[in-house]
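Peer 1: Each residue of the sequence shown is one higher than the one before, starting from 1 at the first, in UniProt numbering.
C-beta atoms are modelled at their ideal positions from N, C-alpha and C, and glycine is treated no differently.
Keep in mind the model is a prediction, meaning the values are calculated, not measured.
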Amino acid sequence: MDDWLSAAGPAILVTVAIVEGSGPRECGAHMLVDATRVVDTIGGGHLEQRAIETARAMLADGRQRRIERYALGPSLGQCCGGVVHLSFELLDQAHAALLGRRRQDDSWRVVAIDGAPESALFDGDGRWLAGARPPVFARDRGAYLMQEPDGRRWLVDPVFAPRAHLVLFGAGHVGTAIVRALAHLPCTVTWVDQRDDMFPPCVPANVTVEASDVPEALVAAAPGNASYLVMTHSHALDQRLTEAIMARPDVGWFGLIGSKTKRRQFEHRLRARGVDAARIDTMVCPIGLAGITNKAPAVIAASVCAQLLTVWEAMQRTPPALMLPSAAITERV
(Lines of atoms letter the chains of each structure in order from A and count residues from 1; the text may use other names and numbers.)
(Lines give C-alpha, C1' and ligand atoms only; values in the text may rest on other atoms or scores of the structure.)
Protein backbone atom coordinates (compact mmCIF):
# COMPACT_ATOMS: atom_id res chain seq x y z
CA MET A 1 0.00 0.00 0.00
CA ASP A 2 2.75 2.49 0.86
CA ASP A 3 4.42 1.92 -2.51
CA TRP A 4 1.08 2.28 -4.25
CA LEU A 5 0.31 5.57 -2.53
CA SER A 6 3.79 7.00 -3.02
CA ALA A 7 4.36 6.01 -6.65
CA ALA A 8 6.17 8.99 -8.16
CA GLY A 9 5.85 8.25 -11.88
CA PRO A 10 3.39 6.48 -14.18
CA ALA A 11 2.46 3.07 -12.83
CA ILE A 12 -0.10 0.37 -13.57
CA LEU A 13 -2.13 -1.11 -10.73
CA VAL A 14 -2.97 -4.76 -11.38
CA THR A 15 -5.91 -6.15 -9.39
CA VAL A 16 -7.27 -9.68 -9.16
CA ALA A 17 -10.89 -8.99 -10.14
CA ILE A 18 -12.35 -12.50 -10.54
CA VAL A 19 -11.13 -15.96 -9.53
CA GLU A 20 -13.00 -18.94 -10.97
CA GLY A 21 -11.93 -22.16 -9.29
CA SER A 22 -8.43 -22.23 -7.81
CA GLY A 23 -6.08 -19.28 -8.14
CA PRO A 24 -2.75 -18.24 -6.61
CA ARG A 25 -4.21 -15.10 -4.97
CA GLU A 26 -7.60 -13.92 -3.76
CA CYS A 27 -9.87 -11.31 -5.32
CA GLY A 28 -8.60 -7.86 -4.42
CA ALA A 29 -4.90 -8.76 -4.40
CA HIS A 30 -2.81 -5.99 -5.96
CA MET A 31 0.48 -5.56 -7.75
CA LEU A 32 2.03 -2.25 -8.78
CA VAL A 33 4.15 -2.14 -11.94
CA ASP A 34 6.19 0.75 -13.28
CA ALA A 35 9.03 0.91 -15.78
CA THR A 36 11.59 -0.56 -13.38
CA ARG A 37 9.81 -1.92 -10.30
CA VAL A 38 7.25 -4.51 -9.31
CA VAL A 39 5.67 -4.13 -5.87
CA ASP A 40 3.65 -6.90 -4.20
CA THR A 41 2.35 -9.95 -6.05
CA ILE A 42 -0.70 -11.46 -7.73
CA GLY A 43 0.66 -14.97 -7.29
CA GLY A 44 3.98 -15.29 -9.07
CA GLY A 45 4.84 -17.68 -11.87
CA HIS A 46 3.95 -17.25 -15.53
CA LEU A 47 0.67 -15.50 -14.66
CA GLU A 48 2.54 -12.71 -12.93
CA GLN A 49 5.14 -12.50 -15.68
CA ARG A 50 2.41 -12.11 -18.31
CA ALA A 51 0.72 -9.46 -16.17
CA ILE A 52 3.96 -7.49 -15.83
CA GLU A 53 4.46 -7.61 -19.61
CA THR A 54 0.90 -6.38 -20.17
CA ALA A 55 1.31 -3.57 -17.63
CA ARG A 56 4.55 -2.34 -19.18
CA ALA A 57 3.04 -2.50 -22.65
CA MET A 58 0.27 -0.22 -21.37
CA LEU A 59 2.85 2.22 -20.02
CA ALA A 60 4.48 2.25 -23.44
CA ASP A 61 1.34 2.70 -25.55
CA GLY A 62 -0.61 4.99 -23.19
CA ARG A 63 -3.59 2.72 -22.69
CA GLN A 64 -5.26 3.43 -19.35
CA ARG A 65 -7.55 0.48 -18.60
CA ARG A 66 -8.05 -3.12 -19.63
CA ILE A 67 -9.07 -6.48 -18.22
CA GLU A 68 -7.58 -9.82 -19.20
CA ARG A 69 -8.65 -13.43 -18.64
CA TYR A 70 -6.02 -16.09 -17.89
CA ALA A 71 -6.65 -19.83 -17.74
CA LEU A 72 -4.23 -21.35 -15.25
CA GLY A 73 -3.39 -24.42 -17.28
CA PRO A 74 -0.54 -25.83 -19.36
CA SER A 75 -0.25 -22.69 -21.52
CA LEU A 76 0.89 -20.74 -18.46
CA GLY A 77 2.80 -23.62 -16.94
CA GLN A 78 0.56 -23.52 -13.87
CA CYS A 79 -1.61 -26.30 -12.53
CA CYS A 80 -4.07 -24.39 -10.33
CA GLY A 81 -6.79 -25.29 -12.82
CA GLY A 82 -8.78 -22.11 -12.35
CA VAL A 83 -9.34 -18.92 -14.30
CA VAL A 84 -8.19 -15.48 -13.16
CA HIS A 85 -9.41 -12.12 -14.50
CA LEU A 86 -6.96 -9.28 -13.94
CA SER A 87 -7.80 -5.59 -14.06
CA PHE A 88 -5.10 -3.19 -15.29
CA GLU A 89 -5.39 0.55 -14.65
CA LEU A 90 -3.10 3.54 -14.86
CA LEU A 91 -2.67 4.71 -11.28
CA ASP A 92 -4.70 7.82 -10.46
CA GLN A 93 -2.23 9.97 -8.51
CA ALA A 94 -4.91 12.25 -7.06
CA HIS A 95 -6.90 9.31 -5.71
CA ALA A 96 -3.71 7.69 -4.41
CA ALA A 97 -2.92 10.88 -2.48
CA LEU A 98 -6.42 10.94 -0.99
CA LEU A 99 -6.12 7.30 0.03
CA GLY A 100 -2.80 8.16 1.64
CA ARG A 101 -4.58 10.65 3.89
CA ARG A 102 -7.16 7.98 4.76
CA ARG A 103 -4.78 5.22 5.81
CA GLN A 104 -6.69 4.60 9.04
CA ASP A 105 -10.12 4.65 7.38
CA ASP A 106 -11.95 2.27 5.07
CA SER A 107 -12.41 3.35 1.47
CA TRP A 108 -13.84 1.95 -1.76
CA ARG A 109 -12.46 2.49 -5.25
CA VAL A 110 -14.87 2.09 -8.18
CA VAL A 111 -13.05 2.03 -11.52
CA ALA A 112 -14.53 1.89 -15.02
CA ILE A 113 -12.80 -0.85 -17.01
CA ASP A 114 -14.62 -0.06 -20.27
CA GLY A 115 -15.32 3.25 -21.98
CA ALA A 116 -14.10 6.53 -20.53
CA PRO A 117 -11.39 6.09 -17.86
CA GLU A 118 -13.61 7.13 -14.97
CA SER A 119 -13.06 6.27 -11.33
CA ALA A 120 -14.41 7.30 -7.95
CA LEU A 121 -13.59 7.04 -4.27
CA PHE A 122 -16.07 6.40 -1.46
CA ASP A 123 -15.63 6.15 2.28
CA GLY A 124 -16.36 2.97 4.19
CA ASP A 125 -20.04 3.90 4.58
CA GLY A 126 -20.50 4.46 0.85
CA ARG A 127 -20.36 8.26 0.88
CA TRP A 128 -18.87 9.73 -2.29
CA LEU A 129 -15.48 11.41 -1.82
CA ALA A 130 -14.03 12.12 -5.25
CA GLY A 131 -14.16 11.31 -8.95
CA ALA A 132 -16.98 10.22 -11.21
CA ARG A 133 -20.47 9.20 -10.10
CA PRO A 134 -20.54 5.49 -10.93
CA PRO A 135 -23.52 3.14 -10.58
CA VAL A 136 -24.64 2.06 -7.13
CA PHE A 137 -22.48 -0.78 -5.85
CA ALA A 138 -22.72 -3.42 -3.12
CA ARG A 139 -20.48 -3.23 -0.05
CA ASP A 140 -21.27 -6.64 1.40
CA ARG A 141 -18.30 -8.39 -0.20
CA GLY A 142 -14.70 -7.87 -1.22
CA ALA A 143 -13.35 -6.90 -4.61
CA TYR A 144 -15.51 -7.84 -7.59
CA LEU A 145 -16.44 -6.84 -11.12
CA MET A 146 -19.93 -5.46 -11.73
CA GLN A 147 -21.58 -4.97 -15.10
CA GLU A 148 -24.24 -2.52 -16.27
CA PRO A 149 -27.03 -3.51 -18.68
CA ASP A 150 -25.14 -1.84 -21.53
CA GLY A 151 -22.17 -4.11 -20.84
CA ARG A 152 -19.90 -1.53 -19.22
CA ARG A 153 -17.85 -3.05 -16.43
CA TRP A 154 -16.65 -1.50 -13.18
CA LEU A 155 -14.06 -2.81 -10.75
CA VAL A 156 -15.26 -2.43 -7.15
CA ASP A 157 -12.18 -2.55 -4.94
CA PRO A 158 -12.20 -2.11 -1.14
CA VAL A 159 -9.19 -0.47 0.50
CA PHE A 160 -9.65 -1.35 4.15
CA ALA A 161 -7.63 0.01 7.05
CA PRO A 162 -5.84 -2.70 9.05
CA ARG A 163 -8.36 -4.53 11.21
CA ALA A 164 -5.90 -6.00 13.69
CA HIS A 165 -4.20 -3.95 16.40
CA LEU A 166 -1.55 -5.33 18.72
CA VAL A 167 -0.34 -3.70 21.92
CA LEU A 168 3.11 -5.16 22.55
CA PHE A 169 4.71 -4.64 25.95
CA GLY A 170 8.46 -5.18 25.94
CA ALA A 171 11.27 -4.01 23.66
CA GLY A 172 13.70 -6.81 24.37
CA HIS A 173 15.06 -9.32 21.88
CA VAL A 174 11.77 -11.16 21.36
CA GLY A 175 9.68 -7.99 21.18
CA THR A 176 12.05 -6.52 18.61
CA ALA A 177 11.91 -9.72 16.54
CA ILE A 178 8.10 -9.68 16.64
CA VAL A 179 7.98 -6.07 15.44
CA ARG A 180 10.25 -6.95 12.52
CA ALA A 181 8.11 -9.97 11.65
CA LEU A 182 4.91 -7.89 11.67
CA ALA A 183 6.36 -5.06 9.56
CA HIS A 184 4.62 -6.04 6.33
CA LEU A 185 1.53 -7.74 7.74
CA PRO A 186 -1.99 -6.21 7.80
CA CYS A 187 -1.94 -4.84 11.34
CA THR A 188 -0.93 -1.87 13.44
CA VAL A 189 1.25 -2.15 16.54
CA THR A 190 1.63 -0.02 19.65
CA TRP A 191 5.04 -0.93 21.09
CA VAL A 192 5.45 -0.08 24.77
CA ASP A 193 8.42 -0.09 27.12
CA GLN A 194 9.52 1.96 30.13
CA ARG A 195 13.06 2.18 28.75
CA ASP A 196 13.26 4.68 25.91
CA ASP A 197 16.78 3.59 24.94
CA MET A 198 15.56 0.06 24.13
CA PHE A 199 13.76 1.11 20.96
CA PRO A 200 15.65 1.09 17.66
CA PRO A 201 16.11 4.44 15.89
CA CYS A 202 13.78 3.37 13.06
CA VAL A 203 10.65 1.25 13.29
CA PRO A 204 8.28 -0.08 10.60
CA ALA A 205 5.57 2.23 9.29
CA ASN A 206 2.82 0.24 11.04
CA VAL A 207 4.41 0.64 14.49
CA THR A 208 3.93 3.42 17.06
CA VAL A 209 6.48 3.60 19.88
CA GLU A 210 5.35 4.51 23.40
CA ALA A 211 8.05 5.01 26.05
CA SER A 212 5.96 5.24 29.21
CA ASP A 213 6.65 5.23 32.93
CA VAL A 214 3.14 3.84 33.40
CA PRO A 215 2.69 1.11 30.78
CA GLU A 216 -0.63 0.08 32.31
CA ALA A 217 -2.11 3.32 30.96
CA LEU A 218 -1.59 2.01 27.43
CA VAL A 219 -3.93 -0.89 28.22
CA ALA A 220 -6.73 1.54 29.02
CA ALA A 221 -5.94 3.61 25.92
CA ALA A 222 -6.04 0.69 23.49
CA PRO A 223 -8.95 0.33 21.04
CA GLY A 224 -11.64 -2.25 21.66
CA ASN A 225 -10.95 -5.81 20.54
CA ALA A 226 -7.19 -5.20 20.46
CA SER A 227 -4.69 -8.00 20.96
CA TYR A 228 -2.09 -7.81 23.73
CA LEU A 229 1.34 -9.38 24.12
CA VAL A 230 3.18 -9.01 27.41
CA MET A 231 6.92 -9.75 27.51
CA THR A 232 8.60 -7.10 29.64
CA HIS A 233 11.88 -7.26 31.58
CA SER A 234 10.01 -7.56 34.89
CA HIS A 235 7.66 -10.28 36.15
CA ALA A 236 6.13 -7.76 38.55
CA LEU A 237 5.31 -5.46 35.63
CA ASP A 238 4.01 -8.42 33.65
CA GLN A 239 1.67 -9.13 36.56
CA ARG A 240 0.37 -5.55 36.72
CA LEU A 241 -0.19 -5.48 32.97
CA THR A 242 -1.98 -8.82 33.10
CA GLU A 243 -4.34 -7.53 35.78
CA ALA A 244 -5.05 -4.39 33.74
CA ILE A 245 -5.78 -6.45 30.64
CA MET A 246 -8.02 -8.83 32.58
CA ALA A 247 -10.02 -5.82 33.79
CA ARG A 248 -11.03 -4.95 30.21
CA PRO A 249 -14.17 -6.69 28.92
CA ASP A 250 -13.29 -6.18 25.23
CA VAL A 251 -9.93 -7.93 24.84
CA GLY A 252 -9.56 -9.62 21.48
CA TRP A 253 -6.65 -11.85 22.49
CA PHE A 254 -4.02 -11.85 25.23
CA GLY A 255 -0.69 -13.64 25.24
CA LEU A 256 1.90 -13.70 28.03
CA ILE A 257 5.43 -14.93 27.42
CA GLY A 258 6.55 -17.55 29.90
CA SER A 259 6.55 -21.17 30.95
CA LYS A 260 3.77 -23.32 32.34
CA THR A 261 5.19 -22.60 35.79
CA LYS A 262 4.86 -18.85 35.22
CA ARG A 263 1.29 -19.40 34.09
CA ARG A 264 0.43 -21.28 37.29
CA GLN A 265 1.92 -18.49 39.40
CA PHE A 266 -0.03 -15.83 37.54
CA GLU A 267 -3.25 -17.85 37.69
CA HIS A 268 -2.87 -18.16 41.47
CA ARG A 269 -2.36 -14.40 41.89
CA LEU A 270 -5.24 -13.54 39.57
CA ARG A 271 -7.62 -15.83 41.46
CA ALA A 272 -6.48 -14.22 44.73
CA ARG A 273 -7.49 -10.86 43.25
CA GLY A 274 -10.93 -12.13 42.35
CA VAL A 275 -10.49 -12.60 38.59
CA ASP A 276 -13.06 -15.02 37.20
CA ALA A 277 -11.71 -18.46 36.26
CA ALA A 278 -13.24 -18.29 32.78
CA ARG A 279 -11.48 -14.98 32.23
CA ILE A 280 -8.15 -16.43 33.34
CA ASP A 281 -8.61 -19.29 30.88
CA THR A 282 -8.49 -16.81 27.99
CA MET A 283 -4.87 -15.94 28.83
CA VAL A 284 -2.49 -17.63 26.39
CA CYS A 285 0.70 -18.71 28.17
CA PRO A 286 3.02 -20.12 26.93
CA ILE A 287 2.68 -18.33 23.60
CA GLY A 288 3.38 -19.60 20.10
CA LEU A 289 2.42 -22.67 18.11
CA ALA A 290 2.45 -26.06 19.78
CA GLY A 291 5.40 -28.21 18.77
CA ILE A 292 7.88 -25.36 18.27
CA THR A 293 10.33 -25.50 21.17
CA ASN A 294 13.26 -23.44 19.84
CA LYS A 295 13.65 -20.36 22.04
CA ALA A 296 15.66 -18.18 19.65
CA PRO A 297 13.95 -14.76 19.41
CA ALA A 298 13.41 -15.01 15.65
CA VAL A 299 11.85 -18.46 16.01
CA ILE A 300 9.57 -17.33 18.83
CA ALA A 301 8.57 -14.32 16.72
CA ALA A 302 7.71 -16.47 13.70
CA SER A 303 5.66 -18.82 15.88
CA VAL A 304 3.81 -16.02 17.69
CA CYS A 305 3.09 -14.11 14.48
CA ALA A 306 1.63 -17.24 12.91
CA GLN A 307 -0.53 -17.62 16.02
CA LEU A 308 -1.65 -14.00 15.78
CA LEU A 309 -2.53 -14.31 12.09
CA THR A 310 -4.72 -17.31 12.90
CA VAL A 311 -6.48 -15.35 15.64
CA TRP A 312 -6.92 -12.23 13.50
CA GLU A 313 -8.37 -14.13 10.55
CA ALA A 314 -10.90 -15.74 12.89
CA MET A 315 -11.79 -12.32 14.31
CA GLN A 316 -12.05 -10.64 10.93
CA ARG A 317 -14.84 -8.11 10.86
CA THR A 318 -17.98 -8.77 8.84
CA PRO A 319 -18.02 -6.68 5.63
CA PRO A 320 -20.09 -3.47 5.72
CA ALA A 321 -23.82 -3.61 5.06
CA LEU A 322 -25.26 -3.68 1.58
CA MET A 323 -25.36 -0.29 -0.10
CA LEU A 324 -28.78 0.26 -1.72
CA PRO A 325 -28.68 -2.49 -4.38
CA SER A 326 -29.81 -1.57 -7.88
CA ALA A 327 -31.80 -3.92 -10.08
CA ALA A 328 -30.07 -2.34 -13.08
CA ILE A 329 -26.73 -3.93 -12.17
CA THR A 330 -25.65 -7.53 -12.53
CA GLU A 331 -22.59 -8.99 -10.87
CA ARG A 332 -20.22 -11.35 -12.55
CA VAL A 333 -18.85 -14.03 -10.27
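Which partner residues of Pro-158 appear in the DSSP bridge assignment?
Peer 2: Trp-108
Peer 1: For the 8 Å Cβ check, are there 3 or more pairs between the region 286 to 305 and the region 246 to 257?
Peer 2: Touching, per the Cβ criterion.
Peer 1: Mind checking whether Val-38 and Ala-29 have CB atoms under 8 Å apart?
Peer 2: no
Peer 1: With DSSP run on the structure shown, which of helix, strand or coil describes Ile-280?
Peer 2: helix
Peer 1: So Ala-171 and Asp-193 are supposed to be a Cβ contact under 8 Å. How far apart are they, rounded?
Peer 2: 4 Å
Peer 1: Going by C-alpha distance, which of Ala-177, His-184, Leu-99 is nearest Ile-300?
Peer 2: Ala-177
Peer 1: Is the separation between the beta-carbon of Leu-270 and that of Met-246 shorter than 8 Å?
Peer 2: yes
Peer 1: Is it the case that the CB of Trp-128 approaches a heavy atom of the ligand GTP more closely than 7 Å?
Peer 2: This structure lacks the ligand GTP; in fact it carries no ligand of any kind.
Peer 1: Please state the DSSP three-state secondary structure of Met-231.
Peer 2: coil
Peer 1: Assess, as a yes-or-no matter, whether the region 264 to 284 is touched by the region 143 to 160 under the definition of 3 or more beta carbon pairs within less than 8 Å.
Peer 2: no
Peer 1: So which of Ala-298, Ala-57, Val-111, Ala-181 has the shortest CA-CA distance to Asp-92?
Peer 2: Val-111
Peer 1: Kindly provide the ranges of any beta strand (DSSP E) runs that are 3 or more residues long and lie completely inside the region 78 to 139, ordered along the chain.
Peer 2: Fully enclosed beta strand (DSSP E) runs of 3 or longer: 83 to 90, 107 to 112, 119 to 123, 128 to 131.
Peer 1: Return the first residue and the last residue of the beta strand (DSSP E) that Cys-187 is part of.
Peer 2: Looking at the DSSP string, the run of the beta strand (DSSP E) that includes Cys-187 is 187 to 193.
Peer 1: Whole alpha helix (DSSP H) runs in the UniProt domain "XdhC- CoxI" (4 to 70) with 4 or more residues, listed along the chain?
Peer 2: The qualifying runs are 45 to 61.
Peer 1: Check for me: the beta strand (DSSP E) holding Thr-208 runs from which residue to which?
Peer 2: Where Thr-208 is concerned, the enclosing beta strand (DSSP E) stretches over 207 to 211.
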